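Numbered by the working numbering, the letters in the sequence shown go through residues 3 to 140 in order. In this text, a Cβ means the ideal position worked out from N, Cα and C, and glycines have one as well. Bear in mind the structure is a predicted one, so any value in this text is a computation, not a measurement. Structure first, then comments.
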Amino acid sequence: MSQYIDEEGCMAESTMRIKDLAQAEKKLVLLLETAAEAISILSDEAPADQDTNAFIHDRADQFHELAKRYFALVNDIQFALRSHTHYLTEEASITSSANKIIPFKNSVLGQYKELEIWTDAIQTISQRIAEIKSIATE
């Protein structure tokens with residue numbers, strides 16, 4: 003481990019970034035688990051021996067908490083990846099020589115697709131919430 007520490011006792015920049023990327027990878031796994039858990043909550047049916055309204059209210063609360071966790075994880079992961087991409091660009095690890103073009107600098111296609119995906123996701127979640135509310139009011 004001492005090979006990764008400089009003279010001042012600080013960890014090398016690259017070592018810290020690799021550790022940060024490992025944490026982002028763990029958050030990505032947690033993100034997928036959270037999404038799966040939220041989807042499973044939406045597909046559950048109320049047990050026959052339980053009050054349906056209470057069950058729906060409980061599931062809606064659980065889904066809301068999972069959605070908050072999901073979006074927090076998305077923000078954390080996105081921040082980490084953008085930070086590292088920016089760092090690599092600044093350090094010229096991702097070169098911008100005369101013959102090469104960095105696609106993410108000149109294109110907004112990725113951001114457009116991301117916006118499209120999130121818009122669809124929000125629409126789907128809104129529909130599910132409306133379904134849950136309509137079931138709760140019956």
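Residue i and residue j look like a contact to me (Cβ under 8 Å); what is the Cβ gap, rounded to whole Å?
i	j	result
residue 121	residue 71	About 21 Å; that fails the 8 Å criterion.
residue 34	residue 76	Not quite, the Cβ-Cβ distance comes to about 11 Å (not below 8 Å), so this is no contact.
residue 79	residue 29	5 Å
residue 127	residue 69	7 Å
Give the straight-line distance between the Cα atoms of residue i and residue j, rounded to the nearest whole angstrom.
i	j	result
residue 114	residue 129	23 Å
residue 137	residue 18	49 Å
residue 16	residue 51	57 Å
residue 93	residue 14	14 Å
residue 90	residue 53	55 Å
residue 139	residue 73	28 Å
residue 178	residue 67	A query on residue 178 cannot be resolved here, the shown segment of the chain reaching from 3 to 140 and no further.
residue 117	residue 31	22 Å
residue 81	residue 119	18 Å
If I measure Cβ to Cβ from residue i and keep anything under 6 Å in the same chain, skipping five residues before and after, which residues do I get?
i	result
residue 133	none
residue 64	43
Can you list, in chain order, the residues of its chain whose CB lies under 8 Å from that of residue i, leaving out five sequence neighbours each side?
i	result
residue 46	61
residue 124	none
residue 49	57
Please work out which residues of its chain come closer than 7 Å, Cβ to Cβ, to residue i, disregarding the five sequence neighbours upstream and downstream, and give them in chain order.
i	result
residue 135	none
Discussion item. Across the region 47 to 67 and the region 23 to 31, are there enough close Cβ pairs to call them in contact, namely three or more that are closer than 8 Å?
Written reply: No: fewer than three Cβ pairs fall under 8 Å.
Worksheet item: If you pair each beta-carbon of the region 76 to 92 with each one of the region 34 to 49, do three or more pairs fall below 8 Å?
Response: No: the two stretches stay apart, fewer than three of their Cβ pairs being nearer than 8 Å.
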